[in-house]
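Following our numbering, the numbering of the sequence shown begins with 72 at its first residue and continues without gaps.
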Amino acid sequence: MSSSVSSSCFDVEVTEKVAHIRLNRPDDLNSMVREFWTELPEIVRGLDAQGDVRAIVVSSTGRHFCAGMDLGVFTSGDTAITPGDSHEMGRVRARLRQTALMLQESFTAFERVRMPVLVAIQGGCIGGAVDMVTAADMRYASADAFFVIQEINIGMTADVGTLQRLPKIIPDGIAREMAYTGRRLSAQRALEVGLINEIFPTHEELVAGVLAIASEIASKSPLAIWGTKEMLLYSRDHSVTDGLNHIATWQTGMFQPSDMVETFAAKAEGREPVFPDLLPEPDSF
Numbered sequence: 072m073s074s075s076v077s078s079s080c081f082d083v084e085v086t087e088k089v090a091h092i093r094l095n096r097p098d099d100l101n102s103m104v105r106e107f108w109t110e111l112p113e114i115v116r117g118l119d120a121q122g123d124v125r126a127i128v129v130s131s132t133g134r135h136f137c138a139g140m141d142l143g144v145f146t147s148g149d150t151a152i153t154p155g156d157s158h159e160m161g162r163v164r165a166r167l168r169q170t171a172l173m174l175q176e177s178f179t180a181f182e183r184v185r186m187p188v189l190v191a192i193q194g195g196c197i198g199g200a201v202d203m204v205t206a207a208d209m210r211y212a213s214a215d216a217f218f219v220i221q222e223i224n225i226g227m228t229a230d231v232g233t234l235q236r237l238p239k240i241i242p243d244g245i246a247r248e249m250a251y252t253g254r255r256l257s258a259q260r261a262l263e264v265g266l267i268n269e270i271f272p273t274h275e276e277l278v279a280g281v282l283a284i285a286s287e288i289a290s291k292s293p294l295a296i297w298g299t300k301e302m303l304l305y306s307r308d309h310s311v312t313d314g315l316n317h318i319a320t321w322q323t324g325m326f327q328p329s330d331m332v333e334t335f336a337a338k339a340e341g342r343e344p345v346f347p348d349l350l351p352e353p354d355s356f
């Protein structure tokens, strides 16, 4: 079974427990307009809340994956860089900090959900798009893909996650070179340094290949996948000792034998295992 919905920036389809989110503004190079920043976390959190989605794939349309932040975001509303004189400057700057934190949370949503997020990148992955894909669990690319930390080329410091996450994914010196020079990193070089997992020849093969990987993930115990994601993210930001302590505590509550029993039974019976979905997230009290 499958279902689909659309918003101003995204199309979403759920098929066999895999959610496919597509950026849907190809004529505008899928730039990140104001609606993008609210729609994306709402979609991701909504999929997580259902409990029946086990992997998320984010792909795009058109020639380029995403051209980054739409310049209109910088010049209108709460995010304006040069607001009018009607408000005291300290309060204006404090509001701008809140805005930056809100934008960051749009991508941190990828880390907070209970299932892996896989990204399929074609053409340009520029500026804010690098912020976005570095928050995902895995990245894949077509042969024509390239990555640019564009912020340095327009006179600003990247501030939505690239500088915090990229050095945890690729060698520190490579991340610094990208951040200081604003040069393009080709798909082949991205594969060599570990930014992406695999290169596919074409956009079509890329999307099909990543959906297949997501389907494989969706066949596993969703509770075990959730625990694995939790541990990998925790260990990224903590010591080995802290990570070992965290998994011991997690297993005390989360490790139950039913999924293992089903795995062994399925193998003995020559069939694929069937695991219950995660429970939906609780409603607000």
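Note that the Cβ used here is the ideal one computed from N, Cα and C, for glycine as well.
Cβ neighbours of Ile240 within its own chain (closer than 7 Å, five residues either side excluded): Thr205, Gly265, Leu266.
When DSSP reads this structure, Leu234 sits in no beta bridge, so it has no partner.
Gln322 sits exposed, since fewer than 16 C-beta atoms from the chains shown fall within 10 Å of its C-beta. Restricting attention to alpha helix (DSSP H) runs no shorter than 4 residues, the region 174 to 220 encloses them at 199 to 205, ordered along the chain. According to DSSP, Arg260 shares a beta bridge with no other residue. Scanning its chain for C-beta atoms nearer than 6 Å, with the 5 sequence neighbours on each side dropped, one finds around Glu352 the residues Ala120, in chain order. Of the residues assessed, Gly199 falls on the buried side of the cut-off, its CB having 16 or more other CB atoms within 10 angstroms. Under the three-state reduction of DSSP output, Phe107 falls in the helix class. Between the alpha carbons of Thr273 and Glu176 lies a gap of roughly 31 Å. Apart from the 5 residues on each side of it in sequence, Gly314 sits with its Cβ closer than 8 Å to the Cβ of Met302, Tyr305, Ser306 in its chain, given in chain order.
Counting the other Cβ atoms within 10 Å of the Cβ of Thr233 gives 16 or more, which makes it buried. For the pair of segments examined, the region 178 to 190 was found to touch the region 205 to 225: the number of CB pairs separated by less than 8 Å reaches three. Looking at the DSSP output, Ser77 bridges to Asp82.
For Arg255, the secondary structure class from DSSP, reduced to helix, strand or coil, is coil.
Nearest in C-alpha terms to Gly195, of all of Val76, Gly324, Arg255, is Arg255. Per DSSP, Ala126 lies in no alpha helix (DSSP H); the unbroken beta strand (DSSP E) holding it starts and ends at 126 to 130. Per DSSP, reduced to three states, the secondary structure at Leu118 is helical.
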